[in-house]
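Enquirer: If you read the sequences in order, they're chains P and C.
First residue of the first sequence? That's 1 in the numbering used here, and the numbers climb one at a time after it.
First residue of the second sequence? That's 1 in the numbering used here, and the numbers climb one at a time after it.
First the structure, which I've put down as structure tokens, then a few questions once you've had a look.
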Amino acid sequence: MLLTLLAVVTIAIVRQRSLFGVVILASIYSFLMASVLIVLDAVDVAMTEASVGAGVSTVLLLATLHLVKTTEMKRVRPNLLPLFVSLGTGAVLVWGTLVLPPFGTPDAAIHKHVAPRYIADSIKETNVPNVVTSVLADYRSFDTLGETTVIFTAGIGVMLLLRKARRRGRHDDAET
Amino acid sequence: MSYDLILRVGTKLILPFILLFALYVQFHGDYGPGGGFQAGVIASSAVILLAITCGLDLAHRIAPQALVQRMVPLGVLIYAGTGVAGMLLGKNYLDYSVFSHDSAHGHELGIFLVEAGVLITVAGTMTSLFYAFVERGR
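Written out as structure tokens, the structure is:
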């Protein structure tokens with residue numbers, strides 16, 4: 001049901017010409033995705049998806065629309081290459097899932113490696129009952145440091161881009 | 001420019017709860033879902049809501065641009081500094097067991113510190129991105 005709704009929203013996004021509508025539909029998509037993640041018992045990820053995907057990125061996209069035109073340009077001629085590339089990539093991904101163990105199998109490789117140790121020992125080793133938090137911030141601390149650095153770098157980059165353009169605009173004003 | 005009265009009053013009513021929820025998500029992240037990323041986004045959404053409904057000037061007064069921009073590198077520094085502190089105390093980078101006489105307590109403290117770093121960077125980045133877009137559009 002949720003996946004059907006996801007597909008419907010995706011088609012609506014593709015067919016939508018007004019970018020404002022696209023942003024709102026993308027927000028709806030994120031909320032549906034958060035619901036899917038809750039169904040999959042990944043509450044932490046669902047929370048991130050709802051707050052980042054549906055919340056802040058919608059606001060940022062709307063702020064972007066404030067700077068650019070709000071209707072998509074008319075397509076000049078149908079371009080088939082991107083269609084083939086995306087269909088091909090999708091087919092390869094589906095082909096890749098064929099060899100994965102069925103969903104929820106307890107003896108899949110991913111449940112045999114370090115996960116049992118995390119579940120058995122993490123409270124004893126870190127005093128933190130939420131295993132997701134202890135894995136994220138302790139066992140895989142380097143990953144999270146990398147993620148934080150990515151956010152830092154991306155934020156700095158966007159801020160510099162927006163600011164530099166503004167300064168150049170002022171400079172042009174002074175010349176004319 | 002005047003702003004809608006109902007939205008303004010509604011925002012002022014809901015704002016403390018949003019901030020409180022952000023703190024709950026941050027500090028309850030040890031026990032339930034949540035953590036620095038989510039809490040940072042929720043906290044910045046409070047500032048963004050205020051800027052949308054009550055004007056950018058008020059938001060600038062509550063969360064000054066200079067402050068949120070400094071928060072962006074500060075969080076990364078706290079995170080990386082936690083790692084360096086572990087190194088200075090004689091263990092590996094990002095090994096928290098040295099922060100307390102008891103290894104588990106040290107890990108708890110280390111997780112708290114890095115989550116705080118994540119919170120500060122994420123909240124700062126999201127808010128200053130929003131500021132940057134809005135300033136550009138003026």
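Quick reminder that beta carbons are idealized off the backbone N, C-alpha and C, glycines included.
Keep in mind the model is a prediction, meaning the values are calculated, not measured.
1) DSSP on THR148/P, reduced to helix/strand/coil?
2) Find out if the Cβ-Cβ distance for the pair ALA26/P, LEU37/P is shorter than 8 Å.
3) Check the Cβ-Cβ distances between LEU2/P and every residue of chain C, and say whether any is below 8 Å.
4) Are the CB atoms of TYR96/C and LEU109/C nearer to each other than 8 Å?
5) Please confirm whether ILE28/P has its beta-carbon closer than 8 Å to some beta-carbon of chain C.
6) Take TYR118/P and list the residues in its own chain whose beta-carbon comes closer than 7 Å to its own, dropping the five residues that flank it on each side.
7) What is the DSSP secondary structure of ASP173/P, counted as helix, strand or coil?
8) Could one say the Cβ of PRO33/C lies closer than 8 Å to chain P's Cβ atoms, at least one of them?
9) Would you check if the distance between the CB atom of GLY75/C and the CB atom of GLY35/C is smaller than 8 Å?
10) Could you tell me the alpha carbon to alpha carbon distance between VAL118/C and LEU56/C, rounded to whole angstroms?
11) Measure the alpha-carbon distance for VAL47/C versus THR153/P and round it to whole angstroms.
12) What does the Cβ neighbour count give for ALA109/P, buried or exposed, with the cut at 16 atoms within 10 Å?
13) If you reduce the DSSP assignment to three classes, tell me which class THR58/P lands in.
14) Which residue wins for smallest C-alpha separation from VAL68/P, given the options LEU19/P, LYS124/P, ASN127/P?
15) Can you tell me whether SER105/P is helix, strand or coil according to DSSP?
16) Go through its chain and collect everything with a Cβ distance to ILE62/C's Cβ below 8 Å, but skip five positions before and after it.
17) Could you tell me which residues DSSP pairs with THR71/P in its beta bridges?
18) Can the beta-carbon of VAL72/C be found less than 8 Å from the beta-carbon of THR11/C?
19) Are LEU83/P and VAL23/P touching if we call contact CB-CB under 8 Å?
20) How would you write the range of the alpha helix (DSSP H) that GLU115/C sits in, first residue to last?
Expert: Taking the coordinates as given:
1) helix
2) Against a cut-off of 8 Å, the Cβ pair of LEU37/P and ALA26/P comes out as no contact.
3) It does not: the Cβ of LEU2/P has no partner Cβ on chain C nearer than 8 Å.
4) yes
5) no
6) VAL131, VAL135, TYR139
7) Since pLDDT at ASP173/P reaches only 47, below the 50 mark, its modelled position is unreliable, and the value read off the structure follows with that caveat. The DSSP-derived three-state label of ASP173/P is helix.
8) yes
9) no
10) 25 Å
11) 22 Å
12) exposed
13) Three-state DSSP puts THR58/P in a helix.
14) Closest option to VAL68/P, Cα to Cα, is LEU19/P.
15) The sequence shown places Thr at residue 105/P, not Ser. Three-state result, THR105/P: coil.
16) VAL47, LEU50
17) SER18/P
18) no
19) no
20) 103–137
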